[in-house]
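As C-alpha cells, the structure follows; a few thoughts come after it.
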Amino acid sequence: VHDLHLHSYGYRKFFATAHCEVASATDLTESHELADRIERDIARSMDISLVIHVDPVDTQDPKSAQAFETVSGIVRGVSPEISVHDFRAVWGARHSKFIFDVVVPFDHDTSLSDLKKKIDKRISEIYPLSKSFITFDRK
1060 VHDLHLHSYG YRKFFATAHC EVASATDLTE SHELADRIER DIARSMDISL VIHVDPVDTQ
1120 DPKSAQAFET VSGIVRGVSP EISVHDFRAV WGARHSKFIF DVVVPFDHDT SLSDLKKKID
1180 KRISEIYPLS KSFITFDRK
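Each number in my numbering corresponds to the 1-based position in the sequence shown with 1059 added.
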C-alpha cells in the first residue's frame, strides 16, 4: 500500500484513499473483492471510510522487472534518500514509457525539477528510446 491520504472532516468523520499494488495476473474480480474487503475491515475496526485504488503490477515480465531494478538504482544513485514505487513499464515498438513515483523527503535539498532532470538524463543514457513519467511524493 502507498499514497495513503487521510482526511478529517470533523469529529469522528475520517475519509482515506490509498493505492494497493496487486499482481496484474490476478483476476480483476478478485482484485476488486480484495479492495472491498480491506475497505470494509478498516471501516469496522477504525471507523474510517476508505477508498482503495488498485495498481496492477506485472510481476511476470522479466524485462519490466529488470527495468524496475535499473530505474530504482538510477534513482538511488541520484540521491540515496529517495526511492521508487508504483513502477510500470510500457514497451512500444518505437519507444518505451516508464511510469513511476519517486518518494522524496520534505527536507531534501534538491528541487523536484532538478531531480527529474537528473533522473531523466540517466534513464535516457540506458534506455535512449524511452520517456519517463514521474510523480513525486513527499514524505
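Glycine included, C-beta positions come from ideal geometry on N, C-alpha and C.
Of the residues assessed, Ser-1191 falls on the buried side of the cut-off, its CB having 16 or more other CB atoms within 10 angstroms. In this structure, DSSP gives Glu-1184 a helical state, which the three-state scheme calls helix. DSSP places Ser-1108 within a strand segment (E or B) once states are collapsed to three. Contact between His-1078 and Asp-1062 holds: their C-beta atoms lie close to 4 Å from each other, under 8 Å. According to the DSSP secondary-structure assignment, Ser-1191 is paired through a beta bridge with Phe-1157.
Below 8 Å, enough C-beta pairs join the segment 1117 to 1126 and the segment 1080 to 1094 to call them touching: three or more. Assigned with DSSP and collapsed to three states, Thr-1088 falls in helix.
Relative to Asp-1160, the option among Val-1143, Asp-1106 and His-1154 whose CA is nearest is Val-1143. Here the alpha carbon of Asp-1196 sits roughly 6 Å from the alpha carbon of Val-1163.
Within the same chain, Cβ atoms closer than 6 Å to the Cβ of Lys-1156 are found at Val-1149 and Lys-1190, the five residues on either side in sequence being excluded. Of the candidates His-1066, Thr-1194 and Leu-1171, His-1066 places its Cα closest to the Cα of Val-1110. DSSP places Thr-1169 in the coil class of the three-state scheme, outside both helix and strand. One thing to note: Ile-1133 has its Cβ within 8 Å of the Cβ of Arg-1181.
Assigned with DSSP and collapsed to three states, Arg-1147 falls in strand.
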